[in-house]
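All remarks here apply to the structure that follows.
Residue numbers (my numbering): 22 to 176.
What follows is the structure in structure tokens.
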């Protein structure tokens with residue numbers, strides 16, 4: 022007999038998909054052969070490609086050669102079962118502006134076998150821009166301090 026909790030569990034996959042599509046970050050699942058098996062709506066927007074095109078696509082094709090090779094050590098680490106975390110500037114695609122992302126590759130391990138990995142991306146462009154501006158101001162301050170120490174001082 023199905024009770025109220027059983028009914029809500031039957032709707033869980035649809036609710037989970039809706040929830041994943043509302044996340045501000047991109048989420049995708051890549052299998053052991055590096056084929057995309059799932060991507061949320063944000064992933065579609067950021068990649069500039071429709072989900073129908075992304076699903077089944079090889080990661081190299083989606084990222085392009087340069088970005089794929091830059092990410093390859095992290096991909097290989099995830100496929101060895103080691104969680105990965107790194108920042109990467111992503112060039113503009115599909116009319117999007119370049120963005121700085123924090124990426125996490127979380128291995129999917131079942132019975133000791135890595136089946137693929139979940140890729141999570143968060144846009145940290147604003148934070149990165151603030152950090153760059155802060156570094157520029159620090160460099161200006163150091164230059165001003167060096168200049169201030171020049172010359173002759175008498176007390």
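C-beta atoms are modelled at their ideal positions from N, C-alpha and C, and glycine is treated no differently.
*Jot down the residue ranges of each uninterrupted beta strand (DSSP E) in the stretch 66–113, minimum 3 residues, whole runs only, in chain order.*
105–111
*asked:* Using 8 Å as the cut-off, can you tell me whether the stretch 57–65 makes contact with the stretch 149–160, which would need three or more C-beta pairs spanning the two stretches below that distance?
replied: no
*Starting from the Cα of residue 77, find the closest Cα among 99, 68, 54 and 92 and give me that residue.*
As a position in the chain shown, residue 77 is number 56, starting the count at 1. Taking only the C-alpha atoms, the option nearest residue 77 is 54.
*asked:* Nearest by alpha-carbon distance to residue 132: which of 108, 102, 169 and 118 is it?
replied: Along the chain shown, read from residue 1 onward, the residue named residue 132 stands at position 111. The option with the nearest alpha carbon to residue 132 is 102.
*In the DSSP assignment, what are the bridge partners of residue 56?*
Against the chain shown, residue 56 aligns to sequence position 35. For residue 56, which the question treats as bridged, DSSP gives the partners 79.
*Look up residue 42 in the DSSP assignment and say whether it is helix, strand or coil.*
As a working mapping, residue 42 is identified with position 21 in the chain shown. In this structure, residue 42 counts as helix in the three-state DSSP scheme.
*residue 68 burial status per 10 Å Cβ neighbour count (16 or more: buried)*: The sequence position of residue 68 within the chain shown is 47, counting from 1. Classification for residue 68: buried.
*Considering only C-alpha positions, which residue in the set 40, 136 and 75 is nearest to residue 126?*
Your numbering for residue 126 matches position 105 in the chain shown. Per the Cα distances, 136.
*Taking DSSP as the reference, what is the three-state secondary structure of residue 128?*
Reading the chain shown from its first residue, position 107 is the one you call residue 128. Of the three classes helix, strand and coil, the one that applies to residue 128 here is strand, per DSSP.
*In the DSSP assignment, find the beta strand (DSSP E) that holds residue 136 and state where it starts and stops.*
Looking up residue 136 in the chain shown gives position 115. That run of the beta strand (DSSP E) goes 134–144.
*asked:* Measuring only the C-alpha atoms, how far is residue 139 from residue 51?
replied: Translated into positions along the chain shown, residue 139 becomes position 118. Translated into positions along the chain shown, residue 51 becomes position 30. When rounded, the distance between both Cα atoms is 6 Å.
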